[in-house]
Structure formats: structure tokens, C-alpha cells
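K.L.:
Before we start, here is the structure in question, set down as C-alpha cells.
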Amino acid sequence: MNQNSLVIMLILIVVSGGLLYVDQREDYTEVVAPPETLARLSQLNPELIDAIELSKGESAFQIRRKGKDWFLPTLWDSAADRDEILRFIDDFSAIEGAEKRGESTASHGTFQVDAEQGIRVVLKDLDMKPMADFVIGKSDGAGRSFLRLSDEDQVYSVKPNLRRRTALGGDGLVAESWFRKILYELPEDSKAREIILTRGDERIVLEWVPGAPADAITGESGELVKSGTDPEWWIREPENIRADTNTVKGLISALKNVRCEGPLDPADEEGAGLTEPSASIEVTFVDDTRVILEFGANRDLPFGGEGVTARLKGDRRIVVTQNWVRDGLIKGLAELKAVEPVAPKVQGGAEGAIPGVIPANDPADPAKEKAPAGGAAGNPAEEG
2 MNQNSLVIML ILIVVSGGLL YVDQREDYTE VVAPPETLAR LSQLNPELID
52 AIELSKGESA FQIRRKGKDW FLPTLWDSAA DRDEILRFID DFSAIEGAEK
102 RGESTASHGT FQVDAEQGIR VVLKDLDMKP MADFVIGKSD GAGRSFLRLS
152 DEDQVYSVKP NLRRRTALGG DGLVAESWFR KILYELPEDS KAREIILTRG
202 DERIVLEWVP GAPADAITGE SGELVKSGTD PEWWIREPEN IRADTNTVKG
252 LISALKNVRC EGPLDPADEE GAGLTEPSAS IEVTFVDDTR VILEFGANRD
302 LPFGGEGVTA RLKGDRRIVV TQNWVRDGLI KGLAELKAVE PVAPKVQGGA
352 EGAIPGVIPA NDPADPAKEK APAGGAAGNP AEEG
């Protein structure tokens, strides 16, 4: 290599290094004040947000509001997780400490705020006009994330971490992650008076017996108190027998949070096996209100494994839930029967005998073995 070629190569290296430095300076600038558009994100009024549009790559869906509730149009208008949505919106109000980290489109892939990797969020009002439009990038440490306004190239690192929500985690973005996984919640202070359980050909009717109050009886020796009976559950069908109250209470407690895993097409009642449910629980309360939960056919769960279809009678929604949800509510007769106390065995087997005391007519009495044949044993106190 001649001297001229070497000089040219050195010049090219210096120039390339300079251009790389300039490019990095453009993409990783010093901290500056955020634009007014970004500052306004923290001033959004949640009450004015009527729709949230989310997209990532080819995945896109909308979350809509109706009154105080939210629903998912692409999932048969299924209920969305209202609490999770409000927490997500609250994160925008908490945005602070913005630091500019990138200037050009070349930095978008690095911070994952490009069209393929970033999560685009568009907040719309009642008239479906955009109130905010931005892209959430990857996390920037534990408490920060990268963010870009959709119509601008600048990338900012902001607090808090907008990717911390479960529904925004992972590689994909799916509407099912925003689905409300509660099929039924037993209202506070509800008191059941009758429960009907069915599974296959078995039908069990349970009845709540309040119990009799204690009665006072006055006699010659003064006032005596006759104890009443405790409230308890009884099985009325297919037998008339006392139920295990703790088991029934556990069943009712399970109604406080009946979980489900995903929505199904509400028009496919037959495919879900709910035209003739495989199991059901019907609860009648003391105020005569009633709730019926029905279970249908086996169905794959959204995230793996097998569950069972279910619905709340009178509600058009059909869902798939875990098998243990059904099994926690639908108990068999053997599980529901009260375990009666077993009388302790006594020597000699005489019913009502005192444990440890040998009855006088018991052939095992050693005194009888010493008695002379043909007559009773004599009284030792009279001998001598």
C-alpha cells in the first residue's frame, strides 16, 4: 500500500468517526424540557376518555366505555377489566421527569417506539376525536419507560414505567389480556336460604334451618333454661338428613369470586354445551332473589390447558373457566352429608354403658368366674 492510499484511508476513518459522533449527538441529546403536547398527557381528564385504541404491529383493538363500565367490541362486547383500565389511565396522569433520549427515526428501533415493537395508544373522546396519540417503548430501568408522540421523532424517557401493566407485558398485544376475569361476585351480606345443585343425574336440595331459640321454663325450684338449636343446613333431597354446615359455607364462600379465563361466542350456546348444562348451582336468598350458574362442555383455556364453559343465567355472556371453579361449587351427596359422631365402644358392648365400667351381668366379670357353680357367691363381709 503506497503512502497516498494510507493518507486517504486515515482521512476516511476520521471523517466516518466524526459523522458517527454527530449522528449519536442527534439521537442521544442532553436533557431538555418536554414539549407542551407531552406535558398535556398528565393533565388529561379520565372522565372525558370514551375509547382507548391499542395497536402493535398487525394487532389492533379498541376498548370502549359505556357509563362507568368498559367493554371489548372485538370480543363480543365482553366486559373489560375496569380497575386495570383506570390504573392504566392513571399512569398518564403520573407522567413526569421527561428526558429526551433520541432525535431521529434512527433511534426508534433502539428504544422500541417504532411501528413493529412499540405499543401505540390513542385516547378518544365521546365524538371519537383523538385526545392523545403516543407510542410506548421498552422499559428504561425499573421505574421509567420510553415514550414518543406518534407524530414526532423525539423519544423521551419518562416516569412511571408505562409497560408495567400485565396486559402490556410479553411479546404480543391481545384484547383478551384486558378481559374482566370475574363471572360472578356474591353481594356483601347476602344470606342464602336454599341451594339446588345438579350434576349429571344427581340433584341435591339444601335448606337453611335458622334454629330454635332457647326457651325459659319456670318451675318450683326457680327459672330453668331449656337450650335451643343451632342454625344449620339440611339436605332435603334426595334424602332428609343433616348437611355438613362447614362444607356448605365453603361452597357459598366460593360464590364471592367466581373466576373465568376468557370469553366465548354468546351465540354458540349449543357448541358451548349450555342448551343442556352438565352441572348447575341455583341459590335462593332470604329476600327471594336468585342466581343460577350453569356449566357446559369441556373447552380449551385461552393460555393452555382444559377448562369448562360457563354462564350466569340471564346474562348473555358465555365464558370458559377452570375445572376447579365448577368443582368448588358443585359438591356431591357424600361430601355434603354431616359426619355423625360415633359413640365410643365400651367393654361388653351394652348400649348406654359407661366406658371403663363393666356391667354387673357381663360374663367377663371376674367375680362371676369365682362364684361357685350352681349358686351365687357369698358376701365376704358375712364370712368368718
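Taking the working numbering, the leading residue of the sequence shown gets 2, the next gets one more, and so forth.
C-beta: ideal position from N, C-alpha, C; glycine also.
Are Ile-331 and Ala-280 close, meaning C-beta to C-beta below 8 Å?
P.N.:
yes
K.L.:
Within the continuous beta strand (DSSP E) that includes Ser-140, where are the two ends?
P.N.:
131 to 140
K.L.:
Is there contact between the region 135 to 144 and the region 183 to 200, where contact requires at least three CB pairs shorter than 8 Å?
P.N.:
no
K.L.:
Can you tell me the Cα-Cα spacing of Val-259 and Phe-147, whole angstroms?
P.N.:
37 Å
K.L.:
State the start and end residues of the unbroken beta strand (DSSP E) segment that holds Arg-200.
P.N.:
193 to 200
K.L.:
Would the region 110 to 120 and the region 83 to 92 be scored as touching if the rule is three or more Cβ pairs under 8 Å?
P.N.:
no
K.L.:
In three-state DSSP terms, what is Arg-327?
P.N.:
helix
K.L.:
Which term fits Gly-308, buried or exposed, when burial requires 16 or more other beta carbons within 10 angstroms of its beta carbon?
P.N.:
buried
K.L.:
Taking C-beta to C-beta, are Arg-145 and Asn-162 nearer than 8 Å?
P.N.:
Yes. Within cutoff.
K.L.:
With DSSP collapsed to three states, give me the class of Arg-166.
P.N.:
coil
K.L.:
Decide if Ile-242 is buried, meaning its Cβ has at least 16 other Cβ atoms within 10 Å, or exposed.
P.N.:
Flag for Ile-242 reads exposed.
K.L.:
What residues in its chain sit with their C-beta under 6 Å from that of Glu-283, if we drop five residues either side in the sequence?
P.N.:
Ile-197 and Ile-293
K.L.:
Going by CA-CA distance only, name the one from Asp-245, Glu-208 and Pro-303 that's closest to Glu-341.
P.N.:
Asp-245
K.L.:
Given Thr-167, which residues of its chain have a CB within under 8 Å of its CB, disregarding the five upstream and five downstream residues?
P.N.:
Glu-85 and Ser-178
K.L.:
Taking a contact to mean a Cβ-Cβ separation below 8 Å, would you say Ala-176 touches Phe-62 in this structure?
P.N.:
yes
K.L.:
Beta-carbon separation of Leu-1 and Thr-322 under 8 Å?
P.N.:
Shown here, the chain extends from 2 to 385; a query on residue 1 therefore has no answer.
K.L.:
For Phe-89, count the other beta carbons within 10 Å of its own beta carbon; 16 or more makes it buried, fewer makes it exposed. Which is it?
P.N.:
buried
K.L.:
Measuring alpha carbon to alpha carbon, tell me which residue in Arg-65, Ser-60, Leu-49 and Ile-96 is nearest Thr-1.
P.N.:
Not covered by the structure: residue 1. The range shown for the chain is 2 to 385.
K.L.:
In terms of residues, what are the limits of the alpha helix (DSSP H) holding Asp-301?
P.N.:
Counting along the chain, Asp-301 falls outside any alpha helix (DSSP H), though it belongs to the beta strand (DSSP E) covering 291 to 301.
K.L.:
Distance, Cα to Cα, Thr-230 vs Gly-201?
P.N.:
Confidence is the limiting factor: at Thr-230 the pLDDT is only 49, short of 50, which leaves the residue's position unreliable, though a coordinate-based value still follows. Cα-Cα distance, rounded: 35 Å.
K.L.:
Throw me the rounded Cβ distance for the Leu-334 and Thr-248 pair, which I believe falls under 8 Å.
P.N.:
Contact flag wrong, Cβ pair sits at about 11 Å.
K.L.:
Sorted by chain position, which residues of the same chain lie with C-beta nearer than 6 Å to His-109's C-beta, five sequence neighbours on each side aside?
P.N.:
Asp-115
K.L.:
According to DSSP, simplified to helix, strand and coil, what is Ser-105?
P.N.:
Ser-105 sits in coil when the DSSP states are folded into three classes, being neither helix nor strand.
K.L.:
Given a threshold of 16 other Cβ atoms within 10 Å of its Cβ, counted over all protein chains shown, does Trp-325 qualify as buried or as exposed?
P.N.:
exposed
K.L.:
Out of curiosity, what's the CA-to-CA distance linking Gly-306 and Glu-270?
P.N.:
22 Å
K.L.:
By the three-class DSSP mapping on this structure, what secondary structure does Trp-179 have?
P.N.:
helix
K.L.:
Any idea what DSSP makes of Phe-93, helix, strand or coil?
P.N.:
helix
K.L.:
When burial is assigned at 16 or more other CB atoms within 10 Å of the CB, is Val-127 buried or exposed?
P.N.:
Going by the sequence as given, residue 127 is Leu instead of Val. Exposed.
K.L.:
Can you tell me the Cβ-Cβ gap for Lys-125 and Glu-54, rounded? I've got them flagged as a contact below 8 Å.
P.N.:
7 Å
K.L.:
Comparing alpha-carbon positions, which option in Asp-78, Ala-107, Asn-46 and Ser-60 lies nearest Asp-91?
P.N.:
Asn-46
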